[in-house]
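Residues in the sequence shown are numbered from 6 upward in steps of one, following this note's numbering. Virtual Cβ for every residue (Gly too), placed ideally from N, Cα, C. Since the model is a prediction, treat every value here as computed from it, not as a measurement. Written below as structure tokens is the structure these notes are about.
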Amino acid sequence: MRITDDRYLRDLRRLDLARRLIDHGARTKTIAIWTQLSSYRIRQLCRTYGCSVDSRQSGVPPRSTAYFWRTPQMQIEAASLAGICKVLGVLPRTRMAARDFTLPARGERLCQAYEAYVDSFEKPKISIEYAVLLAAALATTDDISIGKCVSCGGVVLVDLGDVVDNCCVYCAGRMPGYARSPLAAPSTRRRRANRRTRAAGQSGKQVVLL
Ligand SMILES: [Zn+2]
């Protein structure tokens with residue numbers, strides 16, 4: 006294969022990835038990071054595809070993973086999306102540097118995972134921007150991980166700063182009629198304290214990570 010063919014195919018893959026991300030409503034900055042296309046080129050593509058800037062999200066990309074613990078339904082959807090990301094190879098086996106995570110090939114798998122997630126729920130609540138945040142946090146930070154419910158073995162999203170809740174919302178009795186609220190994400194102080202406790206080997210909580 007000639008070098009020009011290689012470049013053509015590489016550019017074609019980036020354009021296709023950009024189109025998928027535009028379709029999902031990703032921000033220009035997010036698309037630029039994953040495709041390595043310029044913001045100007047992405048805006049051109051948006052016009053070509055007939056989408057207005059207004060139809061996409063604007064502002065600063067989300068940064069807080071506490072979002073995924075806001076409601077029991079969100080916890081279920083986030084765990085599902087995380088599991089799909091794991092199965093489809095979006096997530097590395099071990100933590101990696103953020104700059105190595107946003108490769109176009111991984112972006113394609115992330116789009117595939119997001120599309121599978123959207124198809125799995127009647128009214129999916131997680132936007133592509135939060136899907137990117139979730140995958141990036143799982144792959145590049147030690148804040149959250151994928152785990153198993155200690156009761157039923159189902160996939161759960163684990164806040165590593167608060168291992169108390171390593172139980173799915175069903176087993177914890179948190180779906181309609183549940184006794185106590187799982188909604189409040191742990192405060193930064195509490196997360197740090199929990200990390201220190203775990204680092205010191207003093208945690209007695211049962212944590213099963215995938
Ligand atoms: Zn369970």
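Inset, instruction - Please say whether Ala118 and Val137 have beta carbons closer to each other than 8 Å? - result: Counting from 1 along the sequence shown, the entry for residue 137 is found at position 132. Counting from 1 along the sequence shown, the entry for residue 118 is found at position 113. No, they are not a contact pair.
Legend entry - Arg185 versus Gly55 - alpha carbon distance: Mapped onto the sequence shown, residue 185 falls at position 180. Mapped onto the sequence shown, residue 55 falls at position 50. Summary for Arg185: the model assigns pLDDT 40, below 50, so the residue's position carries little reliability; its value from the coordinates is reported in the next sentence. Cα to Cα, the separation comes out at about 47 Å.
Legend entry - Range of the contiguous alpha helix (DSSP H) that encloses Ser44: Residue 44 sits at position 39 when you count from the first residue of the sequence shown. Run containing Ser44: 44–53, per the alpha helix (DSSP H) assignment.
Inset, instruction - Check the DSSP bridge columns for Ser150 and list the partner residues they point to. - result: As a first step, residue 150 is located in the sequence shown; it is residue number 145 there, counting from the start. According to DSSP, which records beta bridges pairwise, Ser150 is partnered with Val163.
Inset, instruction - With hydrogens ignored, establish whether the beta-carbon of Ser156 is closer than 7 Å to any heavy atom of ligand 1. - result: Against the sequence shown, residue 156 aligns to sequence position 151. Yes.
Inset, instruction - For Leu93, collect the residues of the same chain with a Cβ closer than 8 Å to its Cβ; drop the 5 residues on either side in sequence, then sort them by chain order. - result: The residue you call residue 93 lines up with position 88 of the sequence shown. Cβ within range, chain order: Arg114, Gln117, Ala118, Ala121.
Legend entry - Spatial distance of Ala83 from Ala23 (CA atoms): Counting from one through the sequence shown, the residue named residue 83 turns up at place 78. Counting from one through the sequence shown, the residue named residue 23 turns up at place 18. Each residue's alpha carbon lies about 23 Å from the other.
Inset, instruction - Could you check what DSSP says for Pro129 in three-state terms: helix, strand or coil? - result: The residue given as residue 129 occupies position 124 in the sequence shown. The answer is coil: DSSP assigns Pro129 none of H, G, I, E or B.
Inset, instruction - Could you name the residues of the same chain whose beta carbon sits closer than 8 Å to that of Cys157, not counting the 5 residues immediately before and after it, in chain order? - result: Here residue 157 is taken as the residue at index 152 of the sequence shown, counted from 1. Cys173, Tyr175, Cys176, listed in sequence order.
Inset, instruction - Note down the Cα distance separating Glu133 from Pro67, rounded to an integer number of angstroms. - result: On the sequence shown, position 128 is the one that residue 133 refers to. On the sequence shown, position 62 is the one that residue 67 refers to. The displayed chain sequence assigns Ile, not Glu, to residue 133. Roughly 10 Å between the two C-alpha positions.
Inset, instruction - Below 8 Å CB to CB, which residues in the same chain sit around Ser43 once its five sequence neighbours on both sides are set aside? - result: Here residue 43 refers to the residue found at position 38 when the sequence shown is read from its first residue. Counting only Cβ-Cβ distances below 8 Å, and skipping sequence neighbours, we find Ala37.
Inset, instruction - Just list the alpha helix (DSSP H) runs in the stretch 76–142, keeping only unbroken ones of 4 residues or longer that don't cross its boundaries, in chain order. - result: As far as the stretch 76–142 is concerned, its whole alpha helix (DSSP H) runs of at least 4 residues are 77–92, 103–106, 109–125.
Inset, instruction - Ignore the nearest five residues each way along the sequence and tell me which others in Ile149's own chain have a CB closer than 7 Å to its CB. - result: Along the sequence shown, read from residue 1 onward, the residue named residue 149 stands at position 144. Excluding residues within five positions, the ones whose Cβ falls inside 7 Å are Thr70, Ala142, Leu143, Leu162, Val163, Asp164, Leu165.
Inset, instruction - Using alpha carbons as the reference points, say which of Val160, Thr145, Thr146 lies closest to Gly152. - result: To locate residue 152, count along the sequence shown from 1; it is residue 147. The residue with the shortest Cα to Cα distance from Gly152 is Val160.
Inset, instruction - Pick helix, strand or coil for Tyr72, following the three-state DSSP scheme. - result: Here the question's residue 72 lines up with position 67 in the sequence shown. Here Tyr72 sits in helix by DSSP.
Inset, instruction - Identify whether Tyr175 lies in helix, strand or coil by the three-state DSSP scheme. - result: For the purposes of this step, residue 175 is taken as the residue at position 170 of the sequence shown. Three-state DSSP puts Tyr175 in coil, outside helix and strand.
Legend entry - Alpha-carbon to alpha-carbon, Thr35 and Met101: Here the question's residue 101 lines up with position 96 in the sequence shown. Here the question's residue 35 lines up with position 30 in the sequence shown. Their Cα atoms are separated by approximately 19 Å.
Inset, instruction - Under 6 Å Cβ to Cβ from Gly182, same chain only, skipping five residues before and after it: list those, please. - result: Taking the sequence shown and counting its residues from 1, one reaches residue 182 at position 177. Legend: pLDDT at Gly182 = 46, less than 50; position of this residue unreliable, no value from coordinates given.
Inset, instruction - Give the straight-line distance between the Cα atoms of Ser208 and Val155, rounded to the nearest whole angstrom. - result: Taking the sequence shown and counting its residues from 1, one reaches residue 208 at position 203. Taking the sequence shown and counting its residues from 1, one reaches residue 155 at position 150. Note that Ser208 has pLDDT 48, beneath the 50 cutoff, so the model's placement of it is unreliable and the number below is only indicative. One C-alpha to the other measures close to 16 Å.
Inset, instruction - Give me the Cα-Cα distance between Arg52 and Arg46, rounded to the nearest whole angstrom. - result: Here residue 52 corresponds to residue number 47 of the sequence shown, with the count starting at 1. Here residue 46 corresponds to residue number 41 of the sequence shown, with the count starting at 1. CA-CA distance, Arg52 to Arg46, rounds to 10 Å.
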